[in-house]
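In our numbering, the protein residues as written are 13 to 291.
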C-alpha cells in the first residue's frame, strides 16, 4: 500500500511509481530479507533499525502470527476465502501458500495499490488460478468491494477471512480508520473472520511508551509514519465481531507453536493482534 494514500485518504486505485520515496511494502520486504526493494527502502530500514534494533525480528514475528492465524482458519475452521488488504510484497509463507496448504480450494485475493507489489504479485501468481491481485485502494471500502477481481473471485454471501495486518495504524485519524474497518466488516457474511494487528500504546510512563512516541515522530511526514493506539481503541476495530481466545494479545501470546527460543524485545510489547468471528 502507498503510505501517503493511507494517511491522507487521497488514494484512488493504483498509485504511480515513485522510487524517490520508500514504500511500506518494500520496507517490509527489506526487513524480511527479501530482494524486491531499493536503496531508498534500505535507507529507511537503517533509520528504523537505529531506533528499534528489533524491527527485523518483529517483522518476522508479524509474519509468523499471520501464518498461525491463516492456518487456523483454513485448517480448523474450513475458511476457503481470504481477502488480504494492504498485503505488501510477496515473500515467504504468503497468505495463499498457507491457506492452500491446508485447504487446496481456498481462494485468495490480495489488495495493494503499490504498483511494484502488483507487478511482483501477478508474476508470482501467474499459474495459480485460485489467487489474484488487484490494485484497489483499501481506504475506499465501497470501491474495493466493487472491484472486478474482488467480486469475481470472492462470494460475500459465504464466510470470508478479512486480513488487516500491520496496516490500520498507518491511517492517522481514528474515526476514519474505524469507519473503514467497520464498512468491510458490515459487508461480511455471518461466520466470517477478521484478522487484525495494530501498533499498541501501553498508556504508561515507560521506556516502551517513549519508544512508541519516538517511532511516531521519527517517521512523521515521510509517508511511513504510523500511530500507536490504546487497547480500548484497537478493540473498537472489532465491533460487530466476537474475539476468539486468547483475545487481543501480544503477537507472541496468540497460540505460539512451541516454546520461545529467542528473548522478547521492546517491540514485542508494542503490537497487539486478534482474530474475531462475525456472528
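Even glycine gets a Cβ: it sits at the ideal position worked out from N, Cα and C. In this text, all values refer to a predicted model and were calculated from it rather than measured experimentally.
Sorry if obvious, but does the Cβ on residue 227 come closer than 7 Å to a heavy atom of the ligand GTP? What this structure holds is no ligand at all, so the ligand GTP is not there to describe.
Neighbour flag for residue 60 against chain D, beta carbons, 8 Å: Included in the structure is just one protein chain, with no chain D present.
Counting C-beta neighbours from all protein chains within 10 Å, is the total for residue 53 16 or more, i.e. buried, or is it exposed? buried
Residue 156 - containing alpha helix (DSSP H), residue span: 153–157
Given residue 6, which residues of its chain have a CB within under 8 Å of its CB, disregarding the five upstream and five downstream residues? With the chain covering only 13 through 291, there is no way to say anything about residue 6.
Any idea if residue 47 is buried or exposed, counting beta-carbon neighbours within 10 angstroms, 16 or more meaning buried? exposed
Residue 31: which of 204, 121, 84 and 128 sits nearest, CA to CA? 128
Within the chosen definition, does the stretch 54–62 reach the stretch 262–269 through at least 3 CB pairs nearer than 8 Å? no
Rounded separation between residue 279 and residue 208 - CA only: 17 Å
Per DSSP, residue 220 is paired with what? Beta-bridge pairing links residue 220 to no other residue.
Express the C-alpha separation of residue 155 and residue 72 in angstroms, rounding to a whole number. 31 Å
Where in the stretch 151–196 do unbroken runs of the beta strand (DSSP E), each at least 3 residues long, occur, reported from the N-terminal end onward? 173–176
For residue 141, is the classification buried or exposed, using 16 other Cβ atoms within 10 angstroms of its Cβ as the cut-off for buried? exposed
Have a look at residue 217 and residue 198 and give me their C-alpha separation to the nearest angstrom. 37 Å
Just to confirm, are residue 145 and residue 165 a CB contact at a threshold of 8 Å? no
Quick check on the burial criterion: 16 or more other C-beta atoms within 10 angstroms. Buried or exposed for residue 107? buried
At which residues does the alpha helix (DSSP H) containing residue 287 begin and terminate? Segment 283–289 is the beta strand (DSSP E) holding residue 287; no alpha helix (DSSP H) there.
In angstroms with no decimal places, state the Cα-to-Cα distance between residue 7 and residue 83. The structure shown has nothing for residue 7, since the chain only spans 13 to 291.
Nearest-angstrom Cβ-Cβ length linking residue 282 and residue 211, presumed shorter than 8 Å: 6 Å
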